[in-house]
Amino acid sequence: MAILQILTKEDPRLRKTSRPVEEITPRILRLLDDMKDTLHKANGAGLAAPQVGVLRRIVLVETEPGELLELINPEIVAVSEERQEDLEGCLSVPGEWGITDRPMTVTVRAQDRNGTWFEATGSGLKARCFCHELDHLDGVLYIDKAIRMLDDEDLEE
Ligand code: ZN
């Protein structure tokens with residue numbers, strides 16, 4: 004297990020489209036373990052493989068401590084009509100925060116580390132995380148779609 008380096012927004016790898024995982028090899032399992040350690044060390048709610056320089060369609064989401072979701076080849080399969088606007092940040096954009104508009108509830112379909120397909124549904128923070136992390140797999144950062152970024156005055160409050 005290892006703590007991986009998290010790339011920051013200037014890194015061009017964050018702008019690439021990640022490739023599907025075709026086979027869950029020991030190397031992929033080790034990546035999942037290392038990403039978990041890295042996410043915990045950084046106190047984040049989610050981490051996508053491209054953020055650690057691996058252009059593969061893998062994300063971790065942990066919006067409740069101890070409830071880690073490993074999503075391999077995830078796709079969004081359903082979103083609610085109801086929307087939410089809330090604060091978002093990113094481990095690759097340290098020190099900045101912005102308001103984004105996201106669906107209130109999102110269902111994703113993904114493979115687990117055994118290769119079994121499953122679906123997971125989340126609302127509120129978890130739905131935002133699903134959208135945010137899956138965007139990373141297509142080279143999209145939340146700062147691209149934020150309604151507005153918080154400025155220094157907001158942050159002092
Ligand atoms: Zn992010």
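For the sequence shown, the numbering used here gives the first residue as 4, with consecutive numbering after it. Even glycine gets a Cβ: it sits at the ideal position worked out from N, Cα and C. No experiment lies behind these values; they were computed from the predicted model shown.
Query	Result
How is Glu128 classed by DSSP in three states: helix, strand or coil?	The identity of residue 128 in the sequence shown is Leu, whereas the question assumes Glu. Helix.
Could you check what DSSP says for Ile6 in three-state terms: helix, strand or coil?	coil
Compare the Cα-Cα distances from Pro23 to each of Thr41, Arg60 and Lys12 and report the closest residue.	Arg60
According to DSSP, is Ala113 part of a helix, a strand, or is it coil?	strand
Please report how far the alpha carbon of Phe1 lies from the alpha carbon of Ala113, in whole angstroms.	Past the edges of the chain, shown from 4 to 160, lies residue 1, and the structure says nothing about it.
The beta strand (DSSP E) spanning Ala81 covers which residue range?	Leu72 to Val82
Within 8 Å, do at least three Cβ pairs link the stretch 50-70 to the stretch 126-145?	yes
With DSSP run on the structure shown, which of helix, strand or coil describes Pro97?	coil
Using alpha carbons as the reference points, say which of Lys12, Leu7 and Leu71 lies closest to Asp147.	Lys12
CB Lys129 to CB Val82, shorter than 8 Å?	no
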